[in-house]
Amino acid sequence: MSFSTTRKRLTWTAIAATAALTLTACGGGGTGGSSADGGDEGPIRIGVVGASDDKWAVFQEQAEAEGIEIELVDLQDYTQANPALSQGELDVNQFQHLQFLAGYNVDAGDDLQPIGATAVYPLGLYSTKHASLEDIPDGGQVAVPNDPTNLARALLVLQDAGLVELKDGGSSISTELDVLPSSKVTVTPVAAEQTPIQLQSVDASIINNDFVEDAGLKPEEALFQDDPDSDAAKPYINVWVARAEDKDDETLLKLAEISHSPEVVKAEKKASGGTAVIKENSPAELQEILAGIEDDIRNS
Numbered sequence: 003m004s005f006s007t008t009r010k011r012l013t014w015t016a017i018a019a020t021a022a023l024t025l026t027a028c029g030g031g032g033t034g035g036s037s038a039d040g041g042d043e044g045p046i047r048i049g050v051v052g053a054s055d056d057k058w059a060v061f062q063e064q065a066e067a068e069g070i071e072i073e074l075v076d077l078q079d080y081t082q083a084n085p086a087l088s089q090g091e092l093d094v095n096q097f098q099h100l101q102f103l104a105g106y107n108v109d110a111g112d113d114l115q116p117i118g119a120t121a122v123y124p125l126g127l128y129s130t131k132h133a134s135l136e137d138i139p140d141g142g143q144v145a146v147p148n149d150p151t152n153l154a155r156a157l158l159v160l161q162d163a164g165l166v167e168l169k170d171g172g173s174s175i176s177t178e179l180d181v182l183p184s185s186k187v188t189v190t191p192v193a194a195e196q197t198p199i200q201l202q203s204v205d206a207s208i209i210n211n212d213f214v215e216d217a218g219l220k221p222e223e224a225l226f227q228d229d230p231d232s233d234a235a236k237p238y239i240n241v242w243v244a245r246a247e248d249k250d251d252e253t254l255l256k257l258a259e260i261s262h263s264p265e266v267v268k269a270e271k272k273a274s275g276g277t278a279v280i281k282e283n284s285p286a287e288l289q290e291i292l293a294g295i296e297d298d299i300r301n302s
């Protein structure tokens, strides 16, 4: 494998020790190109979130069986993951969905590209006051995550559930300002980690998967969730991401393929509490979806 961008070697352990980044990694000094078998140029560095998850141990074992040496760089501060990839500090990353990637590319003027799909994680509506959607009263209040990516998705979930109506039918860039007065409920954007806490005072909350278990909830308790196979869910397909010049690199494509092995898929579903819906979209399809989202963001 030959990467067109020279990979920079950083003292990642020192960075992690000071908590300057949320990716924990080991690394050495010097510079070099990439090598599929690890060789003199070192392993392929993959930026991930939650490197301690069992699924990554399974993935690493599968990669090594294919003769590919990898180094997991644990990203705790995911806002650094794409810049690190762009600057050559990582060879590929796998932590984000297409909507997040599109926002980064447009804001940073970058051109990182998806090279493989992993999964969609359905986003659910939860309540401790009501047992069904029908029980949520007219004029009820629903808490939603306030970060742009999850806010738009939460509003689309509520629209599919029949609780809100969105201007022009809504999109992956909708905000609370697009909720029409004819909606059954009102929405209150709060920090994502606050959505479970808000269950004490609102009728329902849209809660990210990351916080469901910590809140003492189970995915099957959701009153409603988005359809992972719908067109509306395409922006939320999680992906492997590489620099544009490396999007056709055979070894990186092989890593994305390995993530669909039965062993890794089983570990992925276990790690997600059974919520992960594995996606098989081709790199070309993912890149087309990404381009469309980027156009929507630029034109908004």
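Position one of the sequence shown corresponds to residue 3 (my numbering), numbered consecutively onward.
All C-beta atoms in this analysis are idealised placements derived from N, C-alpha and C, irrespective of residue type, glycine included.
- Using a Cβ distance threshold of 7 angstroms, L288 and V241 count as a contacting pair.
- D140 places its beta carbon 7 angstroms or farther from that of K169.
- Following the DSSP letters along the chain, one finds D109 in no beta strand (DSSP E) but inside the alpha helix (DSSP H) bounded by residues L100 to A110.
- Judged by DSSP in its simplified three-state form, V267 adopts helix.
- In the assembly as shown, R47 is a buried residue. Its beta-carbon has 16 or more other beta-carbons within 10 Å.
- By the C-beta density criterion, K268 is exposed, having fewer than 16 other C-beta atoms within 10 angstroms.
- For V187, there is no enclosing alpha helix (DSSP H), as DSSP marks it with neither H nor E.
- Less than 7 angstroms divides the Cβ of N95 from the Cβ of A83.
- Under the three-state reduction of DSSP, E282 is assigned to coil, being neither helix nor strand.
- A67 and G294 have their C-alpha atoms some 37 angstroms from each other.
- When the beta-carbon positions are compared, A273 and A121 stay at least 7 angstroms from each other.
- Boundaries for P116: no alpha helix (DSSP H) harbours it, while the beta strand (DSSP E) harbouring it runs Q115 to A119, taken from the DSSP string.
- Taking a cut-off of 8 angstroms for Cβ pairs, the stretch 71 to 79 and the stretch 228 to 246 do not touch, as fewer than three such pairs fall below it.
- Taking 7 angstroms as the cut-off, the beta carbon of E296 is found no closer than this to the beta carbon of V144.
- Residue burial annotation: G276 is exposed, with fewer than 16 other C-beta atoms found within 10 angstroms of its C-beta.
- Residue burial is scored here from C-beta neighbours: S261 has at least 16 other C-beta atoms within 10 angstroms and is therefore classed as buried.
- Close CB contacts of A65 within its chain, under the 6 angstroms cut and outside five residues either way in sequence, are with I72 and I260 (chain order).
- When T177, S184 and L179 are compared, the shortest CA-CA separation from G164 is found for S184.
- Judged by DSSP secondary structure, D76 falls outside any alpha helix (DSSP H) and instead within the beta strand (DSSP E) spanning I72 to D76.
- Counting of Cβ neighbours within 10 angstroms places A133 among the exposed residues, the total staying below 16.
- Judged by beta-carbon spacing, A104 lies beyond the 7 angstroms limit of I280, meaning their Cβ atoms are not closer than that value.
- Annotation: S88 is outside any beta strand (DSSP E); the continuous alpha helix (DSSP H) that includes it extends over A83 to S88.
- For the set K236, A59, A286 and K57, the Cα lying nearest the Cα of F102 is the one of K236.
- Its chain contains I175 as the residues whose beta carbon lies nearer than 8 angstroms to that of S302, once the 5 sequence neighbours on both sides are disregarded; these appear in chain order.
- If you look at L127, you'll find it isn't in any alpha helix (DSSP H); it sits in the beta strand (DSSP E) that goes G126 to Y128.
- Between G44 and A258, the CB-CB gap reaches or exceeds 7 angstroms.
- The Cβ atoms of V166 and D228 lie no closer than 7 angstroms to each other.
- Here I138 carries a coil assignment [DSSP, helix/strand/coil].
- Rounded to the nearest angstrom, the gap between the Cα atoms of I291 and D113 is 14 angstroms.
- Bridge pairing for N210: absent [DSSP].
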